[in-house]
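If you're matching positions, the sequence shown starts at 27 in this note's numbering and goes up one per residue. Here the structure is laid out as structure tokens; the discussion comes afterwards.
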Amino acid sequence: MDPRQNIQRGAAAYANVSVHSGVNSASPHRLVQMLIDGALDRIATAKGCLQRGQVAAKGQQISTAISIVGGLRASLDLDAGQEIARNLHELYTYMERRLFEANLKNDPQILDEVSGLIRQIKEAWDAIANQVETPQHNNAVGT
27 MDPRQNIQRG
37 AAAYANVSVH
47 SGVNSASPHR
57 LVQMLIDGAL
67 DRIATAKGCL
77 QRGQVAAKGQ
87 QISTAISIVG
97 GLRASLDLDA
107 GQEIARNLHE
117 LYTYMERRLF
127 EANLKNDPQI
137 LDEVSGLIRQ
147 IKEAWDAIAN
157 QVETPQHNNA
167 VGT
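See the structure below:
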């Protein structure tokens, strides 16, 4: 299966909650950035809901975060990505499990743990942004 299709499926979880212009024309790299940002937003919102005692809203936000992390996991090309992709797959699976546990236990520390893990991935992903060439960008500038 085409990795872009996997990424777009994952982006659908994010697009359903927060519609951003450019999802359809975004590069695979940008789609992953959007998913990461969406997961962080949902976890932060869930933590706020938890602090305010809004249990149902907390559950919805965590459920969406789990879906987004699942989209990130599904977007991995385990054959092409080899060890890195397998490690990320395991990490995303762990994050999904921990988010589920945070929801059950109403535990903000678990939400902080998962946010920290996602931020580490975000930092690495953002660091390579300048190195990633996208066909859309090259065509737009006429190269």
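Note that CB positions come from ideal geometry on N, CA and C, so glycine has one too.
Report all residues from its chain with a CB closer than 8 Å to the CB of residue i; omit the five preceding and five following residues, and keep chain order.
i	result
H124	It is Arg, not His, that sits at residue 124 in the sequence shown. If we look at R124 and ignore the five residues flanking it on each side, its Cβ neighbours are I136, E139, V140.
N156	none
On the three-state DSSP scale, how would you describe residue i?
i	result
D14	For the chain, the structure presents residues 27 to 169; residue 14 sits outside this window and is missing.
R78	coil
L102	coil
E89	For the sequence presented, residue 89 should be read as Ser rather than Glu. If DSSP states are grouped into helix, strand and coil, S89 belongs with the helices.
N132	coil
Closest to residue i by CA distance: which of the options is it?
i	options	result
I144	A91, D133, Q157	A91
L61	S93, A82, C75, I154	S93
V81	D133, D67, D152	D133
Can you find the residues in the same chain that come closer than 7 Å, C-beta to C-beta, to residue i, ignoring five residues on each side of it along the sequence?
i	result
G85	N129
G79	none
F126	I92
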